[in-house]
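**Student:** Okay, so the sequence shown: first residue is 31 according to the working numbering, each after it adds one.
Glycine residues also receive a C-beta, built at the ideal position from the N, C-alpha and C atoms.
Sharing a structure below in C-alpha cells format, with a few things to ask.
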Amino acid sequence: MGQPDDAVIKRRERIAFLLLTAVVFPLMTVMFVAGYGFLVWIYQMFAGPPTGH
Numbered sequence: 031m032g033q034p035d036d037a038v039i040k041r042r043e044r045i046a047f048l049l050l051t052a053v054v055f056p057l058m059t060v061m062f063v064a065g066y067g068f069l070v071w072i073y074q075m076f077a078g079p080p081t082g083h
C-alpha cells in the first residue's frame with residue numbers, strides 16, 4: 031500500500047468542496063431559517079401576534 035498520488039488527492043478535495051458548497055451549506059441554511067421561523071411561530075402561539083401601537 032503506497033501513498034495516493036496527487037491526482038487522487040485533488041479529486042477527493044474537489045468532490046468534498048462541491049459536496050460542501052452544493053449540499054451541506056444550503057441545507058444548513060434552509061434548516062436554520064426554518065428553525066427560526068418555527069420558533070417565532072411557537073412563541074406567537076403563546077404570546078400572541080405582534081400588535082401595532
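Under a three-way DSSP split, which group does Q33 fall into?
**Tutor:** In the sequence shown, residue 33 corresponds to position 3, counting from 1. DSSP places Q33 in coil when its eight states are reduced to three.
**Student:** What number of angstroms, rounded off, separates the C-alpha of G67 from the C-alpha of G78?
**Tutor:** Residue 67 sits at position 37 when you count from the first residue of the sequence shown. Residue 78 sits at position 48 when you count from the first residue of the sequence shown. Spanning the two alpha carbons is a distance of roughly 15 Å.
**Student:** At which residues does the alpha helix (DSSP H) containing A77 begin and terminate?
**Tutor:** Counting from one through the sequence shown, the residue named residue 77 turns up at place 47. Looking at the DSSP string, the run of the alpha helix (DSSP H) that includes A77 is F55 to A77.
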